[in-house]
Each structure stands twice: as structure tokens, then as C-alpha cells.
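Using the working numbering, the letters of the sequence shown map in sequence onto residues 46 to 439. In this text, a Cβ means the ideal position worked out from N, Cα and C, and glycines have one as well. Okay, so here's the structure we're looking at.
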Amino acid sequence: MTSGAARGPQLLRLVHAGPGLTRAEAAHALGAGTGTTTEVVTRLVAEQLLQEGAPTSGGRRGRPTRPLTAHPQGPLVLAAVVSHESWRLQAVQLGGTAVAAAGGHHDGTDPARVLAAVRAAALRTARRFPGRVRGCGLAVPGLVTDGHRLHAPLLGWSGVDLRRAWPRELLDGGGPGTGPGAGRGIDDELLVAGNDARLAAVGESARGAAVGARAALHLHLDAGLGGALTAGGVLVDGARGSAGEFGHLPFGDPGVACGCGASGCWGTALDGAALARALGEPVPRDPVASSHRVLDRAAAGEAGAGAAVRGVAAALGRGAAGLVNALDADLVTLGGLGVRVADVAGDVLQESYRAGLMAFRRADPPPVRAAALGEDGPLTGAAELVWSRLWARC
Ligand SMILES: [Zn+2]
């Protein structure tokens with residue numbers, strides 16, 4: 046029998062995963078009687094962690110029951126995403142909804158200025174919710190080493206210390222507050238930074254298309270191809286936290302050099318330059334914008350562009366099959382330009398994918414589908430990674 050004390054954190058996780066959970070459903074999920082559940086709920090409401098809504102008739106045997114949601118004074122996580130041209134920040138409450146948001150554009154020239162803008166927004170937000178911020182997560186377009194150092198070759202940023210995205214005032218004193226992480230300040234473990242495609246994978250497994258998958262493979266295509274494998278909702282990290290550089294698997298043409306220093310990388314068969322080569326056009330300066338233009342032309346029925354996109358779709362499907370064969374994933378989600386490739390040439394992608402699967406997987410092939418969270422994936426994942434670390438401390 047689980048003790049009443051252990052059931053508090055258990056119930057917080059349940060409401061976080063499914064806000065609006067009724068008291069009856071909570072009792073069932075906790076395997077607890079009405080009395081124990083009432084006691085746990087009463088304590089968490091008094092600690093300003095949960096609140097109960099008005100009674101609804103959703104209880105067992107039609108009895109009225111009250112939905113559980115985040116307390117309006119409860120703990121918050123700050124989550125931010127920096128992309129190639131903009132940044133966004135949200136304060137996220139238990140259950141995953143945002144209670145505040147900010148954002149702006151940048152020209153990519155100065156990482157210090159971008160981080161200063163995020164830091165100022167974080168400070169304004171933290172002051173608006175005194176004592177309530179428990180952790181901070183940041184998603185960025187590049188490789189993150191040592192947990193906080195960003196290398197973003199497309200922006201020309203190297204060795205950027207991402208801890209500077211968060212105000213000192215916030216790190217020194219989260220305030221007294223209650224609940225997970227309260228009174229401990231925000232230490233390095235609760236300052237999470239990660240590659241945007243990897244964090245999108247976390248977002249999909251927590252609140253998107255991959256909820257409940259045992260081993261979900263997320264493939265995010267933009268300037269290159271990245272992603273991650275999540276196993277039971279947990280990100281597979283690798284030794285340096287950079288597992289998921291799938292675009293550098295040798296599934297491409299060995300005659301094509303990749304910016305990473307290797308040749309024949311899968312990403313070189315999928316990017317804007319690959320589309321330009323297929324069309325006999327010059328290599329684009331902005332590969333993402335160029336890919337979008339070719340996809341627009343293909344969607345409008347232009348034959349050459351259509352053939353180029355089908356080539357990318359075939360390479361994407363074949364590589365996805367190889368990864369499913371190797372990793373035993375039960376779901377593949379596509380993000381970024383991958384969604385558009387699937388829209389324009391989904392038949393080619395699916396056919397190539399099935400053809401690449403080992404025979405024993407073809408009877409019941411793991412589905413390949415669009416990610417559900419779209420552009421919100423990295424931000425959602427950044428918040429969820431911080432929440433998961435908070436739950437580990439409960
Ligand atoms: Zn490469």
C-alpha cells in the first residue's frame with residue numbers, strides 16, 4: 046500500500062499529465078479509497094498546488110465529482126525557444142498551459158542581445174509571479190554541449206553560454222513558495238537547455254502525437270535533419286546529450302559533402318540544396334526558405350518541383366524505415382518541413398518507408414505521422430523536461 050505522503054506527488058503528476066482529472070478518476074488511478082483521496086486532495090489544495098472546479102456529473106455511478114487543475118498560485122516553469130529569427134518565452138503552470146507569454150524577433154547577428162531579450166522577459170515574468178518560478182527550460186537551434194553551451198553553425202554562433210538567458214535574481218531566490226522545488230532556488234539541474242528538435246520530441250511524447258508510445262522516433266527537417274528517440278516518454282540522451290543527429294547517418298550520396306565534415310549524410314539528400322540539385326538550380330543561400338518555395342511550386346502542380354520533392358520524400362521514407370528497423374520504434378512523428386513533404390508527396394514517402402521496413406515489421410508497420418504540436422513542440426518540450434526534473438525531486 047502506497048503511503049498518503051507518496052500519493053501527493055503521484056496525484057500532481059497525474060493532474061499534470063491530464064488536467065481536469067476528476068476526484069473519482071484520481072482515486073481510481075491512485076488505487077486509493079475515497080477517504081484517502083479526499084485527504085490528499087485537501088492537502089494539495091491547502092498547499093496551493095491544486096484547485097478543484099465546480100462539481101460535474103462525471104463521477105462513477107453518475108455521482109458529482111470535481112475536476113482537478115493547477116492552483117492559480119501554484120508553481121510555474123519558464124520555457125523559452127530561440128529560433129533562427131525569433132524568440133518566445135512562456136510561463137507554464139502544472140498541466141502544461143501557459144499563463145504568460147512574450148516574444149520578439151532578432152537578426153541573428155548577436156547572441157548576447159538575443160539572450161538579453163529573453164532574460165529581460167524572464168525577469169518581468171518572474172516578478173509578475175513572485176516566488177512561483179521553479180525551473181527554466183530553453184530550446185535552441187543547434188548543438189548543446191555540457192548542458193548549456195550552444196553551437197549554432199547556421200547562425201555563426203559558437204560556444205554561447207545559454208545560462209545567460211536567465212536573470213540572476215531568479216536563480217538566487219525563487220522565493221519561499223510551496224510544492225516541488227520550493228525554497229531550494231533554481232540550481233543548474235533545473236536550468237535545462239537543449240536542441241530544439243530533441244525538445245520537440247519530448248513535447249510530442251508528453252502532449253502531442255506520441256503520448257503513450259513505447260519508443261517514439263521524432264524526425265525534424267529544416268536546414269538539416271535532427272530529432273530524438275523517446276522511450277516511455279523519456280529522452281534518450283547519449284553520453285553528451287546529443288543523440289538524435291540522424292541527419293548525419295550515411296543514407297545519402299557518398300559523393301555529396303556535408304557541412305558536418307563527413308560525406309554522404311542523409312541530411313544532404315533532404316535539404317534545400319538537395320531540392321536545388323534535383324532541379325538543376327543554384328545552391329540556395331537560405332536552404333529552409335528555398336525548400337518552402339520548392340514545396341509551394343510542387344503543391345501548385347509544377348512537374349519538376351514535384352519530382353524533386355518526391356525524391357526527398359523517398360529518401361525520408363527509406364531512412365525512417367532504417368531507423369525503425371534499428372531502434373524498434375513503434376511510432377515516427379515528422380516535424381518542420383517533414384510535414385510539408387508528407388503533405389505534397391505522402392504516397393511516395395509511405396511507399397518508400399514500407400519498402401525499407403524489415404518484412405516482419407510490414408504486417409503492422411509503425412505509423413509515420415505529422416507531429417501534433419507544430420512550432421510549439423520545442424517550447425512544450427523545454428517546459429516538460431523541467432517538470433520531469435521537478436517530479437523527480439518530489
Ligand atoms: Zn553530416
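Taking residue i and residue j to be in contact with their CB atoms under 8 Å, please state how far apart those CB atoms are, rounded to whole angstroms.
i: Ala246; j: Ala273; result: 4 Å
i: Ala353; j: Val333; result: The pair is not a contact, with the Cβ atoms about 15 Å apart (cut-off 8 Å).
i: Val60; j: Thr114; result: 7 Å
i: Ala314; j: Gly297; result: 4 Å
i: Gly422; j: Gly187; result: Not quite, the Cβ-Cβ distance comes to about 16 Å (not below 8 Å), so this is no contact.
i: Leu123; j: Cys181; result: 5 Å
i: Ala171; j: Pro212; result: 7 Å
i: Pro412; j: Leu376; result: 6 Å
i: Ala193; j: Gly204; result: Looking at the sequence itself, residue 193 is His, so the reference to Ala does not match. Rounded, the Cβ-Cβ distance is 10 Å, inconsistent with contact.
i: Leu244; j: Gly426; result: 3 Å
i: Asp241; j: Val185; result: 6 Å
What would DSSP say about residue i, mapped onto helix, strand or coil?
i: Leu59; result: helix
i: Thr142; result: coil
i: His151; result: coil
i: Arg355; result: helix
i: Leu402; result: coil
i: Ala387; result: helix
i: Pro54; result: helix
i: Trp211; result: coil
i: Asp409; result: coil
i: Gly76; result: coil
i: Gly176; result: coil
i: Asp373; result: coil
i: Leu430; result: helix
i: Val163; result: helix
What does residue i pair with, by DSSP beta-bridge criteria?
i: Trp202; result: Ala197
i: Arg414; result: Thr378
i: Val189; result: Leu195
i: Cys181; result: Leu123 and Leu236
i: Ser308; result: Ala302
i: Leu66; result: Leu113
Could you tell me whether the Cβ of residue i comes closer than 7 Å to any Cβ of chain C?
i: Thr154; result: As a matter of chain content, chain C is missing from the structure shown, which is built from one protein chain.
Which residue spans inside the region 85-140 form an unbroken beta strand (DSSP E) run of at least 3?
Counting whole runs of 3 or more residues, the region 85-140 contains the beta strand (DSSP E) stretches 95-97, 112-115, 121-127 and 131-138.
Touching by the beta-carbon criterion (3+ pairs, under 8 Å), the region 257-264 and the region 429-439: With the cut-off at 8 Å, the region 257-264 and the region 429-439 do not touch.
- Task: Entirely within the region 217-297 and at least 3 residues each: give me those beta strand (DSSP E) ranges in chain order.
- Result: As far as the region 217-297 is concerned, its whole beta strand (DSSP E) runs of at least 3 residues are 236-240, 260-266 and 270-276.
- Item | Completely contained alpha helix (DSSP H) runs for the region 314-366, where each covers 4 or more residues | With a minimum length of 4 residues, the unbroken runs of alpha helix (DSSP H) contained wholly in the region 314-366 fall at 317-324 and 332-344.
Would you call the region 131-141 in contact with the region 159-168, where contact means no fewer than 3 C-beta pairs closer than 8 Å?
Under the 8 Å Cβ criterion, the region 131-141 counts as touching the region 159-168, having at least three qualifying pairs.
Practice problem: Determine, using beta-carbon pairs with one atom in the region 144-159 and one in the region 395-410, whether at least three such pairs fall under 8 Å. | Solution: The region 144-159 vs the region 395-410: no contact.
*Does the region 358-369 come close enough to the region 379-399 to have 3 or more Cβ pairs within less than 8 Å?*
These segments touch.
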